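Read top to bottom, the protein sequences are chains R and B.
Residues 25 to 442 in the numbering used here are what the first sequence spells out, letter by letter.
Residues 25 to 442 in the numbering used here are what the second sequence spells out, letter by letter.
No residue lacks a Cβ here, since even glycine has one placed at the ideal position from N, Cα and C.
Keep in mind that this is a model prediction, so the values were computed, not measured.
Input: a single structure, listed below in structure tokens.
2 protein chains.
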Amino acid sequence: MSKQPTEIKSMSSFKRLANGSVTTPRGFRAAGVTAGFKRSGAPDFAMLVSDVPANFAGAFTSCTFAAAPVQVCRKRVLFCDTIRAAVINSGNANACTGDTGISNAEATCVLAANKLGINSNEVVVSSTGRIGTQLPMDTVKKGIELAVASLSEEGGELAAQAIMTTDTVPKSIAVELELDGVVCSIGAMTKGAGMIDPSLKVPHATMLCYITTDVKISNALLSDMIEENVAQSFNRITIDGDMSTNDTVIAMANGLSGVEIRPDTPQAATFREALLAVMQQLAREMVMDGEGVTKFVHVEVFNARSTEDAKLCAESVANSLLCKTAWFGGDPNWGRVVAALGYSGAKFKPEKVDVFYDGVPVVREGGDAGTPESDLVDIVRKREFTVSVDLHDGDESYWVWTNDISYEYVKINADYHT
Amino acid sequence: MSKQPTEIKSMSSFKRLANGSVTTPRGFRAAGVTAGFKRSGAPDFAMLVSDVPANFAGAFTSCTFAAAPVQVCRKRVLFCDTIRAAVINSGNANACTGDTGISNAEATCVLAANKLGINSNEVVVSSTGRIGTQLPMDTVKKGIELAVASLSEEGGELAAQAIMTTDTVPKSIAVELELDGVVCSIGAMTKGAGMIDPSLKVPHATMLCYITTDVKISNALLSDMIEENVAQSFNRITIDGDMSTNDTVIAMANGLSGVEIRPDTPQAATFREALLAVMQQLAREMVMDGEGVTKFVHVEVFNARSTEDAKLCAESVANSLLCKTAWFGGDPNWGRVVAALGYSGAKFKPEKVDVFYDGVPVVREGGDAGTPESDLVDIVRKREFTVSVDLHDGDESYWVWTNDISYEYVKINADYHT
Chain R
25 MSKQPTEIKS
35 MSSFKRLANG
45 SVTTPRGFRA
55 AGVTAGFKRS
65 GAPDFAMLVS
75 DVPANFAGAF
85 TSCTFAAAPV
95 QVCRKRVLFC
105 DTIRAAVINS
115 GNANACTGDT
125 GISNAEATCV
135 LAANKLGINS
145 NEVVVSSTGR
155 IGTQLPMDTV
165 KKGIELAVAS
175 LSEEGGELAA
185 QAIMTTDTVP
195 KSIAVELELD
205 GVVCSIGAMT
215 KGAGMIDPSL
225 KVPHATMLCY
235 ITTDVKISNA
245 LLSDMIEENV
255 AQSFNRITID
265 GDMSTNDTVI
275 AMANGLSGVE
285 IRPDTPQAAT
295 FREALLAVMQ
305 QLAREMVMDG
315 EGVTKFVHVE
325 VFNARSTEDA
335 KLCAESVANS
345 LLCKTAWFGG
355 DPNWGRVVAA
365 LGYSGAKFKP
375 EKVDVFYDGV
385 PVVREGGDAG
395 TPESDLVDIV
405 RKREFTVSVD
415 LHDGDESYWV
425 WTNDISYEYV
435 KINADYHT
Chain B
25 MSKQPTEIKS
35 MSSFKRLANG
45 SVTTPRGFRA
55 AGVTAGFKRS
65 GAPDFAMLVS
75 DVPANFAGAF
85 TSCTFAAAPV
95 QVCRKRVLFC
105 DTIRAAVINS
115 GNANACTGDT
125 GISNAEATCV
135 LAANKLGINS
145 NEVVVSSTGR
155 IGTQLPMDTV
165 KKGIELAVAS
175 LSEEGGELAA
185 QAIMTTDTVP
195 KSIAVELELD
205 GVVCSIGAMT
215 KGAGMIDPSL
225 KVPHATMLCY
235 ITTDVKISNA
245 LLSDMIEENV
255 AQSFNRITID
265 GDMSTNDTVI
275 AMANGLSGVE
285 IRPDTPQAAT
295 FREALLAVMQ
305 QLAREMVMDG
315 EGVTKFVHVE
325 VFNARSTEDA
335 KLCAESVANS
345 LLCKTAWFGG
355 DPNWGRVVAA
365 LGYSGAKFKP
375 EKVDVFYDGV
385 PVVREGGDAG
395 TPESDLVDIV
405 RKREFTVSVD
415 LHDGDESYWV
425 WTNDISYEYV
435 KINADYHT
């Protein structure tokens with residue numbers, strides 16, 4: 025275990041604001057209302073608006089059945105310079121809904137734009153929930169009316185609540201950073217829980233993440249940073265190995281702090297790090313709020329022949345049902361870890377493999393390292409621990425964040441009907 | 025849904041014998057005894073012996089961490105013309121046990137050979153159970169003594185019981201077939217349950233399968249048939265997507281019927297089909313006896329651009345935790361099926377995709393086919409049903425057999441310590 029596989033940014037390097045949200049940066053208002061998509065009557069419609077046109081960047085699911093709103097967002101990224109608003113409903117995914125679905129997603133933008141007095145090309149749209157049912161447009165209309173009426177600079181938390189599906193807690197964050205003597209901020213909200221194995225191409229469960237900032241930054245540079253950071257955050261988490269039709273990350277930068285981020289400057293480096301800290305913190309929170317999750321497991325693989333080999337190993341362990349159920353049971357069963365490495369398809373020499381739990385040797389040279397089982401049980405019964413694999417077969421590394429699979433996971437997903 | 029993706033042999037074409045087992049073919053004796061590998065005191069040691077040297081073929085796990093007994097079996101396949109005996113313990117996998125593990129596996133063969141008065145190169149060995157613990161050789165010795173003393177032509181059922189781990193029922197079978205006017209037979213036993221996603225290269229969960237026959241057939245021809253049939257049986261089943269370190273299929277042909285099977289003859293075709301029927305029936309029984317299984321699901325994909333695309337689609341659906349939990353819940357949630365197709369990595373046009381449950385349209389051209397949900401619920405609440413996907417994008421097809429994931433699955437695997 026020689027080196028850190030890749031950068032993991034601790035929030036402690038940045039000032040996280042109490043009650044920070046997407047409305048923390050200057051010039052952003054938001055709302056979360058109950059439009060009626062969910063039978064439960066819980067908030068299910070959110071709106072996020074910038075007072076001025078905002079530069080933006082997006083990352084989307086790589087699922088072949090990309091949902092209608094994802095297709096609309098991709099068009100905005102390709103053809104528009106700025107956006108002003110985002111409209112998000114939970115309870116209906118508007119996925120596998122054909123041309124009608126696309127029309128409904130576009131119509132949602134038009135309806136919101138009309139109410140806000142902006143152009144429909146300045147609106148992006150996201151949906152999350154059950155696949156295959158057309159969006160009830162009356163409900164969309166009601167949501168837009170209620171949301172526009174309640175937009176406020178304190179609305180970030182409500183918006184974060186309204187985008188939840190099986191999430192148990194809303195996930196909002198904001199950090200402050202000083203750039204060129206000016207205090208700027210980055211706010212974000214996310215929802216996740218099930219169907220999480222993002223493979224976001226710039227343009228990945230349904231995870232939705234909306235990021236706001238008041239710095240000025242070009243679409244190209246923002247897009248580069250989002251792409252690079254998604255690879256180090258949302259694309260490193262796997263809850264159930266299922267990827268959604270609707271995964272979306274949208275970042276909006278409205279420049280109202282007056283601070284401009286130019287490429288290859290110390291300011292750009294600082295901003296990117298703060299953005300990564302925000303995205304990694306939300307990614308962690310998504311894993312811990314995964315359906316039925318009781319444990320957070322960091323899986324890291326070192327000294328592989330290639331990054332791809334390291335990734336195959338890390339993802340094979342993180343997605344192994346047998347490892348996940350053993351973790352749920354607090355069982356240190358390392359045989360399941362080596363079995364998952366063995367069928368991963370990665371190239372390595374089994375007789376060289378070491379495995380550690382929180383740094384304690386478990387496997388040495390492919391066999392039992394001799395640590396008393398009781399010591400290992402103490403580790404895997406913790407709420408959070410690290411499984412490290414040293415392949416001793418090269419220089420490349422990879423890490424992922426995952427969790428256990430519980431009775432509750434099965435219950436939630438056997439019973440889910442919206 | 026134009027054509028059958030690949031041949032599926034019904035047992036009804038062949039005469040399945042009541043109480044048939046590995047000792048049904050002439051000249052095979054077997055035993056199943058309690059040596060003490062399992063704390064429970066259940067039978068845990070089996071032996072299978074041919075009265076005369078038998079030609080043989082093997083197929084083994086493709087896991088990089090192949091267990092010691094698998095490594096020994098591979099050597100036999102490479103270097104030996106015939107074998108006489110197989111020794112199998114359950115409760116200890118002898119995997120990830122290094123050089124000591126190999127020595128212990130070889131020593132097991134020597135001990136058995138000495139008691140049987142044969143050469144140790146004529147003995148193959150299999151182990152299943154917990155990974156990473158050295159074989160207790162005193163227990164092996166005791167098992168060999170007890171087993172040799174109780175070998176009998178009625179011992180097939182007892183052997184099938186002794187190789188079980190989390191299996192709930194022993195899985196034995198035998199079929200009769202008349203070749204050249206002589207009644208010959210094929211017997212087999214298998215164990216499976218967890219860690220099932222075989223990728224047997226000729227030389228896959230710990231699934232173990234031992235096949236016996238009294239026809240005469242060359243190692244080369246038997247190996248070809250095993251390879252071809254494994255691809256159409258054990259490699260088509262997936263219970264939890266985990267593959268074991270110990271998966272083994274061994275076929276033994278002792279020729280005592282006097283009937284010889286030569287390549288490219290009608291007899292060879294008939295024998296291969298009977299062998300396939302046996303292997304497919306055992307594969308089905310393994311899926312139904314999978315840990316916590318309540319449902320058997322046949323997933324078939326038609327009209328893909330390539331077999332690989334069809335396979336990616338079928339395996340993605342069959343391994344999707346969200347599909348498996350929906351099936352457990354009796355939820356027709358086709359959104360999860362299309363999501364799994366979408367992230368499979370297969371190339372196809374989403375707007376052309378049709379999906380059927382037991383032939384009833386569920387998805388047409390990528391969207392809701394309009395069948396009332398109640399009709400679909402009736403299908404997915406059955407103990408056995410078929411999910412068919414027509415990609416309308418080529419001519420290739422693939423199928424797999426899988427099952428649901430229940431509370432019981434999580435319980436068994438969170439609590440398993442042998």
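For Val-434 (chain B), the neighbours in chain R by C-beta distance under 7 Å run, in chain order, Thr-349, Phe-352, Ile-429, Ser-430, Tyr-431, Val-434. Between the region 324-337 of chain B and the region 346-354 of chain B, the count of Cβ pairs shorter than 8 Å is below three; the stretches do not touch.
For Thr-262 (chain B), the three-state secondary structure derived from DSSP is coil.
Note on Val-341 (chain R): 16 or more other CB atoms within 10 angstroms of its CB, so buried under the neighbour-count rule. Going by DSSP, Ala-117 (chain B) is part of no beta strand (DSSP E) at all; its letter is neither H nor E. If you ignore the 5 residues before and after Thr-47 (chain R), its C-beta comes within less than 7 Å of the C-beta of Arg-53, Ala-54, Glu-177, Glu-178, Gly-179, Gly-180, Gly-211, all in its own chain and listed in chain order.
When secondary structure is reduced to three states using DSSP, Asp-271 (chain B) falls in the coil class, being assigned neither helix nor strand.
Short of 7 Å from the beta carbon of Val-57 (chain R), and not among the five residues preceding or following it, lie these beta carbons of its own chain, in chain order: Pro-67, Phe-69, Gly-167, Leu-170, Ala-171, Ser-174, Ala-186. Contact annotation: in the region 155-174 of chain B, residues whose CB is within less than 9 Å of a CB in chain R are Ile-155, Gly-156, Thr-157, Gln-158. Interface residue (Cβ-Cβ distance to chain R less than 8 Å): Ala-117 (chain B) is classified as such. From the listed residues B:Thr-237, B:Thr-106, B:Ala-307, the smallest Cα separation to Lys-33 (chain B) is found for B:Ala-307. DSSP places Ala-301 (chain B) in the uninterrupted alpha helix (DSSP H) bounded by 290-312.
Taken through DSSP and simplified to helix, strand or coil, Ser-34 (chain R) comes out as coil. Taking Met-161 (chain R) as the centre and dropping the five residues before and after it, the same chain places the C-beta of Asn-128, Ala-131 closer than 7 Å to its C-beta, in chain order. When DSSP reads this structure, Ser-150 (chain R) sits in a beta bridge with R:Ile-112. Put simply, of R:Val-207, R:Asp-204, R:Cys-233 the residue whose alpha carbon is nearest the alpha carbon of Ser-196 (chain R) is R:Cys-233. The beta carbons of Leu-203 (chain B) and Gln-291 (chain B) sit closer together than 8 Å. In the DSSP assignment, Arg-53 (chain B) falls within the beta strand (DSSP E) that extends over 52-57. One alpha carbon belongs to Val-413 (chain B), the other to Gly-316 (chain R), and they sit about 31 Å apart.
In terms of Cα proximity to Phe-80 (chain B), the closest of B:Ala-110, B:Phe-89, B:Ser-64 is B:Ala-110.
Between Arg-100 (chain R) and Val-134 (chain R), the CB-CB gap reaches or exceeds 8 Å.
Under the 8 Å criterion on CB atoms, Phe-69 (chain R) is classed as non-interfacial with respect to chain B. Taking Thr-106 (chain B) as reference, the option from B:Asn-243, B:Gly-391, B:Leu-300 with the minimal CA-CA separation is B:Asn-243. Per DSSP, Ser-368 (chain B) lies in no beta strand (DSSP E) and is assigned neither H nor E. No residue range can be given for Gly-141 (chain R), since it is assigned to no alpha helix (DSSP H) and is classified by DSSP as neither H nor E. Rounded to whole angstroms, Val-411 (chain B) and Val-379 (chain B) show a C-alpha spacing of 7 Å. Using beta-carbon distances, Leu-232 (chain B) does not count as an interface residue toward chain R, since no partner is under 8 Å. The continuous beta strand (DSSP E) containing Ile-235 (chain R) extends over residues 232-237. Annotation: the continuous beta strand (DSSP E) that includes Leu-72 (chain R) extends over 69-84.
For Pro-374 (chain R), the residues of chain B that pass the 7 Å Cβ criterion are Thr-88, Phe-89, in the order they occur in the chain.
In the same chain as Val-377 (chain R), and ignoring 5 residues on each side of it, the C-beta atoms closer than 8 Å to its own belong to Val-362, Leu-365, Val-387, Glu-389, Gly-390, Val-413, Asp-414, Leu-415, His-416, in chain order. Under the 8 Å criterion on CB atoms, Asn-113 (chain B) is classed as non-interfacial with respect to chain R. By the neighbour-count criterion, in which 16 or more other beta carbons inside 10 Å mark a residue as buried, Asn-259 (chain B) falls on the buried side. Apart from the 5 residues on each side of it in sequence, Ser-344 (chain B) sits with its Cβ closer than 7 Å to the Cβ of Arg-360, Ala-364 in its chain, given in chain order. Non-local beta-carbon contacts of Gly-282 (chain R) in its own chain, meaning distances under 8 Å to residues more than five positions away in sequence, involve Val-206, Lys-240 in chain order. Between the C-alpha atoms of Thr-85 (chain R) and Ile-155 (chain R) there is a straight-line separation of about 15 Å.
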